[in-house]
Amino acid sequence: MKAVRLSAKERAIVRKDLRGIWKTRMVRLTVILVPVLLCFAMPAFYLFLAWMVPETELEGTRELAAMLPAAAEGLSERQLMVVMISRLLGPMFFLMIPLMVSTASAACSFVGERENGTMETLLLAPVSLRQIFRAKVTACLLLSLITELVSLLAFSAVMAAASLLFEVPYYLDWSWAVLILLLSPGVTLFGVTFMVLISGRSKSSMEAMQTSGYLVLPVVLLFVGQLSGAFTLGPGLLLVLSLAVAAADAVLASLASRAFTPEKLLRA
Amino acid sequence: MDALTAEGLTRRFGEKTALSRLSLALEQGSVFGFLGPNGAGKTTTVKLFTGLLTPTEGSCSVLGLDPRREAEKVHAQCGVLTESARMYPHLSGLENLAFFGALCGLSRAGARERGEELLKRLGLAEAGKLPAGKYSTGMAQRLSLARALLGRPRVLFLDEPTSGLDPESAQAVNAMIGEQAGQEGVTVFLCTHQLRYAQDLCGSYGVIDHGELLALGGLEDLAARAGCRTYAAFRLAEGETLPGFERDGAWLRRAISSEDEMPGLLREAVAAGRCVYEARIEPPTLEDVYFRFVGRGEGGETV
Ligand SMILES: Nc1ncnc2c1ncn2[C@@H]1O[C@H](COP(=O)(O)OP(=O)(O)OP(=O)(O)O)[C@@H](O)[C@H]1O
Ligand SMILES: [Mg+2]
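If you want it as structure tokens, here you go:
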């Protein structure tokens, strides 16, 4: 995909959209609370537990962690808890956050605009459909990527503390690199384009957001599946997944831009 | 080049034909009144001309451009006011205008200045900082008109611009429209139920019902075709009559074929010793013409 600079009109729509999305309480909560809870509060709480609770009471961890390849590395229970967070929970969060933020902001930007009755006004302005589409998708991507970046910083801080306290290697590895650089952005685009496609069929942005909730399901299954020992999400598998998501993105994006016509957008 | 053309323009929604084979051509600078009862197909026509709907059959053009394929260029020269096009509720009136001004290609300062000017003219200067979501119906309607005028349009589509307005707001809006209509080369396509006002403003009319264009032309032309006559009307002393005149309340009326008959009739009445309190010529009004055409469409019933 070629990166083209946005025109002044497109930038005006992006600014307006970001402002509108931010004014929606539901989205603001998603953008602030979800990353804080998942990437900061929860891992910090677990690490705090691991630090406070006597090691003998952490037996359950070993059973769970036994499913992970790291179990064989002769780590202590405490260290295993850190590994669980960095290899099991963390990656799941970094797929759920892009998905939730991108669908919430797209619901706001696309369905919300129709709910407000402003889609028609926007369509009557001297901008092309293509420009509106590009600007709106950009606004949603921008917000999601910023959220992901902030989440990543928070998570990295917690994990830095963990590696100091429990003497485990820092969490970043090749799997994380593929996850953060390829899979997360791909999933973000997936969330946005998916939302554009279902926006015509949803009566309200709330309904659209609920429908998109189903998208979180495969993500959860993916990580629960790891516990069954059927597969491990290493860099290779993640790369394959990224390619699959990218292909799905291309299909969805072309479908979504085709569905982006005045009649479909204004259909009550 | 005509400002607007339509050829066999048809739009169906499923079984329902909202607009059937509309053909018309409006010169640049004309002020056109599009009249018809609820559900006649007026809004559908505006949406077809502005590219929000695709024709089922036929075609239309605005300043020689296809509104569907060249929507951006058409919108750059059109101001459109429809009931369903709202403003952003969380942005103030002025911010809304600044945003749409930017989309019209105005600079930030230019959009602000133009926005402020329009708000002032429409009596919204004080409400400029208020979120548009807090506007009353009339204020929102005036803000939408300001939005439609932002880009100094050459064609103005106004779909019931004064519906829901109090008399003062309606007056402000009508004055603004009148001013636009008076400008050189600005074409106005006005859908309205305010027949009196349309008669003052418009140079030609279309009457539509059930998606069918029933009549098209200037008032005199339409009146002649509808069989609406001009009347001479006298108010005489109570109980007095005149030969050939019919009583209508306090007035005696008689159809005339030309205004030139009036002085003669007046002389006759005075010569016959009648006490003439008032005398006037009653040309057919748009209202008369409208009801003739629409009534005819309903199967002869007249109001
Ligand atoms: N999106 C749509 N789907 C189905 N039917 C529609 C749609 N839009 C309009 N119609 C039908 O088309 C007909 C014409 O509607 P339109 O809105 O053009 O009328 P109008 O002349 O603007 O009426 P009003 O004076 O009430 O505004 C109506 O019978 C309406 O029910
Ligand atoms: Mg209408």
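Chains as they are written, first to last, in the working numbering: chain D, 10 to 277; chain B, 21 to 323. Glycine included, every Cβ here is placed at the ideal spot set by N, Cα and C.
In the assembly as shown, Ala17/D is an exposed residue. Its beta-carbon has fewer than 16 other beta-carbons within 10 Å.
For Glu92/B, at least one C-beta of chain D is nearer than 7 Å to its own C-beta.
Any Cβ of chain D closer than 7 Å to the Cβ of Arg106/B would place that residue at the interface, and such an atom is present. Taking non-hydrogen atoms of ligand 1 into account, the C-beta of Gly184/B is found less than 6 Å away from none of them. Checking the 6 Å criterion, the Cβ of Lys62/B is within range of a heavy atom belonging to ligand 1. In this model, Ser224/B and Phe52/B are separated by some 5 Å (Cα to Cα). For the beta strand (DSSP E) assignment, the uninterrupted runs of no fewer than 3 residues enclosed by the region 115 to 191 of chain B are, from N- to C-terminal side, 175 to 179. If you keep only unbroken alpha helix (DSSP H) runs of at least 4 residues inside the region 34 to 102 of chain B, you get 62 to 69, 91 to 97.
Under the Cβ distance rule, Leu133/D counts among the residues neighbouring chain B, one pair being separated by less than 7 Å. Distances from the CB of Asn58/B to the heavy atoms of ligand 1 include at least one below 6 Å. The bridge partners DSSP lists for Phe209/B are Phe52/B, Phe177/B.
Taking C-alpha positions only, Gly200/D is separated from Met109/D by approximately 8 Å. Between ligand 1 and Phe33/B, a heavy atom-to-CB distance of less than 6 Å is present. The Cβ-Cβ distance between Leu46/B and Ala26/B does not fall below 7 Å. The beta carbon of Cys124/B sits closer than 7 Å to some beta carbon of chain D. If you check each beta-carbon in the region 67 to 83 of chain B against every beta-carbon of chain D, the ones closer than 9 Å belong to Lys67, Thr70, Gly71, Leu72, Leu73, Thr74. At a beta-carbon threshold of 9 Å, none of the residues of chain D lie near Gly130/B; the nearest stands roughly 12 Å away. Contact between the region 145 to 164 of chain B and the region 105 to 119 of chain B is present: 3 or more CB-CB pairs across the two stretches fall below 8 Å. Only residues of its own chain outside the window of five on either side were considered, and among them Ala268, Lys273, Leu274, Arg276 have a CB closer than 8 Å to the CB of Gly209/D, listed in chain order. Judged by beta-carbon spacing, Thr197/D lies beyond the 7 Å limit of Leu261/D, meaning their Cβ atoms are not closer than that value. Ranking Leu188/D, Thr156/D, Leu264/D by CA distance to the CA of Gly245/D puts Leu188/D first. DSSP, read as helix, strand or coil, puts Asp258/D in helix. Taken in chain order, the complete alpha helix (DSSP H) segments of 4 or more residues contained in the region 26 to 52 of chain D are 34 to 44. Across the structure, Arg34/D and Ser114/D are spaced so that their CA atoms are roughly 11 Å apart. For the pair Cys211/B and Phe54/B, the CB atoms are nearer than the 7 Å cut-off.
Judged by DSSP secondary structure, Gly226/B falls within the beta strand (DSSP E) whose first and last residues are 224 to 229. Around the Cβ of Lys25/D, a 10 Å sphere holds 16 or more other Cβ atoms; the residue is buried.
Using a Cβ distance threshold of 7 Å, Ala118/B and Arg132/B count as a contacting pair. According to DSSP, Trp271/B shares a beta bridge with Asp268/B.
Remark: three or more beta-carbon pairs, one from each stretch, lie closer than 8 Å, so the region 277 to 294 of chain B and the region 237 to 253 of chain B are flagged as touching. Not a single CB atom of chain B sits nearer than 7 Å to the CB of Thr220/D. The DSSP-derived three-state label of Tyr180/D is coil. Ranked by Cα distance from Gly125/B, the first of Glu180/B, Met159/B, Gln97/B is Gln97/B. If you draw a straight line from the Cα of Ala195/B to the Cα of Leu138/B, it comes to about 13 Å.
If you check the CB distance, Gln88/D and Val225/D do not come in under 7 Å.
Take the alpha-carbon of Ile94/D and the one of Ala256/D: they are about 29 Å apart.
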